[in-house]
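Asks: The numbering of the sequence shown is the numbering used here, which starts it at 307 and goes up by one.
Just dropping this structure here.
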Amino acid sequence: MTGSRSSHCRFWAHLGWTPAVPRYDHEHPLPAGSTLLLFTDGLVERCGEDIDVGLTALADHAGRLAKAPLRQLCSELVARHGPAPGDDVAVLALRTPDRRPG
Numbered sequence: 307m308t309g310s311r312s313s314h315c316r317f318w319a320h321l322g323w324t325p326a327v328p329r330y331d332h333e334h335p336l337p338a339g340s341t342l343l344l345f346t347d348g349l350v351e352r353c354g355e356d357i358d359v360g361l362t363a364l365a366d367h368a369g370r371l372a373k374a375p376l377r378q379l380c381s382e383l384v385a386r387h388g389p390a391p392g393d394d395v396a397v398l399a400l401r402t403p404d405r406r407p408g
């Protein structure tokens with residue numbers, strides 16, 4: 307993944323759980339022009355396959371599309387990686403502004 311880097315933060319507290327379940331804050335500075343991709347497990351999880359296989363395939367593909375327009379990035383990732391039959395998927399992509407002189 308030339309020019310790209312992935313950071314995996316795994317959260318096991320699912321939506322709809324009781325407020326008593328601990329939640330964790332994370333902070334990770336993003337350089338100018340970075341693309342942040344948030345997604346549900348439906349994009350990478352396949353029955354009978356280790357989830358790391360799906361995460362690696364997604365990271366490789368997303369790395370190649372990191373500078374593509376966000377709509378194209380999301381569309382191509384969903385078209386290739388998910389969802390598995392009977393599952394659903396949600397994808398959110400954000401890009402930090404470029405900080406160019408001028």
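All C-beta atoms in this analysis are idealised placements derived from N, C-alpha and C, irrespective of residue type, glycine included.
These figures come from a predicted structure and were not determined experimentally.
#1: Which residue wins for smallest C-alpha separation from serine 381, given the options Gly392, Ala396, Pro335?
#2: For alanine 368, name the three-state secondary structure that DSSP assigns.
#3: Please state whether the Cβ-Cβ distance between glycine 360 and arginine 370 is less than 8 Å.
#4: Valine 397 lies in the beta strand (DSSP E); which residues open and close that run?
#5: With DSSP run on the structure shown, which of helix, strand or coil describes leucine 342?
#6: Under a three-way DSSP split, which group does leucine 379 fall into?
#7: CA-CA distance, aspartate 356 and aspartate 347?
Replies: The relevant details are as follows:
#1: Mapped onto the sequence shown, residue 381 falls at position 75. Ranking the options by Cα distance to serine 381, first place goes to Ala396.
#2: For this step, residue 368 is matched to residue 62 along the sequence shown. If DSSP states are grouped into helix, strand and coil, alanine 368 belongs with the helices.
#3: The count along the sequence shown starts at 1 and reaches residue 360 at position 54. The count along the sequence shown starts at 1 and reaches residue 370 at position 64. No, the pair does not count as a contact, with Cβ atoms beyond the cut-off.
#4: Translated into the one-based positions of the sequence shown, residue 397 becomes position 91. Counting along the chain, the beta strand (DSSP E) containing valine 397 begins and ends at 397 to 401.
#5: Taking the sequence shown and counting its residues from 1, one reaches residue 342 at position 36. Three-state result, leucine 342: strand.
#6: For the purposes of this step, residue 379 is taken as residue 73 along the sequence shown, with counting starting at 1. Correct three-state label for leucine 379: helix.
#7: Mapped onto the sequence shown, residue 356 falls at position 50. Mapped onto the sequence shown, residue 347 falls at position 41. Aspartate 356 and aspartate 347: Cα-Cα distance of roughly 12 Å.
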